[in-house]
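K.L.:
Residue numbers (my numbering): 829 to 1051.
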Ligand SMILES: Nc1ncnc2c1ncn2[C@@H]1O[C@H](COP(=O)(O)OP(=O)(O)OP(=O)(O)O)[C@@H](O)[C@H]1O
Ligand SMILES: [Mg+2]
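Structural data, given as structure tokens:
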């Protein structure tokens, strides 16, 4: 049987705004196995980013259970969640979130440096990650010397460098023209073929259709 990476059972997320309580996720259950490429597809306001933040341990759930790699992390404390965010999840955002002062190589090395490792010890790993996204020849370019699609590939290399259990991407093509967006999706497909587990969040069916499986979310519920 395939190894479960994400098992979520009946997740509820409630925001309290003064007296009022709003259920944004209303009982969401999902299972994602190692090696899958899954898209979470839904319209604006359906709860995609809320779900991504819970998957990525950026936010906590109100009710339900979350198992990551068969470990129950539902009630983990902040230290544990920080460790999961840093080591087990590779985040990719719509706006790339690269540091403009630094070149591609340093941006990719950063997650390893924040773990307390020294630059000379991590530089080869950072180069390998850039090689994985086809950008080793641009490693000394700063973000403003790269196209949008190249910047997103640097961000993908940065997500890959620590060898996470899952790549978690929220609208990764949202800031790209259609050609660069297609290139980035093609890269995700390649990375998936090489064994990486990918969870990609989008409102765009044309993006979602590239995944091995689509999970549709609407108004806080899986369709
Ligand atoms: N911190 C918060 N407090 C209160 N309500 C929130 C909060 N964050 C999100 N919401 C509400 O939860 C719902 C889902 O928001 P979410 O950001 O998850 O949607 P989304 O599917 O990612 O939308 P988009 O495609 O526009 O990014 C929205 O109605 C939003 O107003
Ligand atoms: Mg969103």
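All C-beta atoms, glycine included, are put in the ideal place defined by N, C-alpha and C.
Quick one, which of 992, 1006 and 898 has its alpha-carbon nearest residue 1052's?
P.N.:
Residue 1052 lies beyond the residue range present for the chain, which begins at 829 and ends at 1051; the question has no answer from this structure.
K.L.:
With DSSP as the reference, please indicate the residues paired to residue 895 in a beta bridge.
P.N.:
Taking the first residue of the chain shown as 1, we reach residue 895 at position 67. Note: residue 895 sits in a beta bridge opposite 835 and 900.
K.L.:
Give a yes or no on contact between the stretch 1022-1038 and the stretch 994-1003, applying the rule of three or more CB pairs nearer than 8 Å.
P.N.:
yes
K.L.:
Do residue 936 and residue 954 have their C-beta atoms closer together than 8 Å?
P.N.:
The count along the chain shown starts at 1 and reaches residue 936 at position 108. The count along the chain shown starts at 1 and reaches residue 954 at position 126. Contact flag set, yes.
K.L.:
Going along the chain, which residues put their C-beta within less than 6 Å of some heavy atom in ligand 2?
P.N.:
876 and 877
K.L.:
Report whether the distance from the Cβ of residue 1052 to the nearest heavy atom of ligand 1 is below 7 Å.
P.N.:
Nothing in the structure corresponds to residue 1052, since the chain is present only between 829 and 1051.
K.L.:
Looking at C-beta atoms only, is the number of pairs between the stretch 998-1012 and the stretch 837-857 that lie closer than 8 Å three or more?
P.N.:
no
K.L.:
Write down every uninterrupted run of the beta strand (DSSP E) in the stretch 941-1002 whose length is 3 residues or greater and which is fully enclosed by it, in chain order.
P.N.:
994-998
K.L.:
Mark residue 880 as exposed unless 16 or more other C-beta atoms lie within 10 angstroms of its C-beta, in which case mark it buried.
P.N.:
On the chain shown, residue 880 is found 52 positions in, with the first residue counted as 1. By the Cβ-count criterion, residue 880 is buried, with 16 or more other Cβ atoms from all chains shown falling within 10 Å of its own Cβ.
K.L.:
Cβ of residue 870 within 7 Å of any heavy atom in ligand 1?
P.N.:
Numbered from its first residue, the chain shown carries residue 870 at position 42. For ligand 1, at least one heavy atom lies less than 7 Å from the Cβ of residue 870.
K.L.:
Under 7 Å from any heavy atom of ligand 1, does the C-beta of residue 840 make it?
P.N.:
Numbered from 1 along the chain shown, position 12 holds the residue referred to as residue 840. It does not: the Cβ of residue 840 is nowhere closer than 7 Å to a heavy atom of ligand 1.
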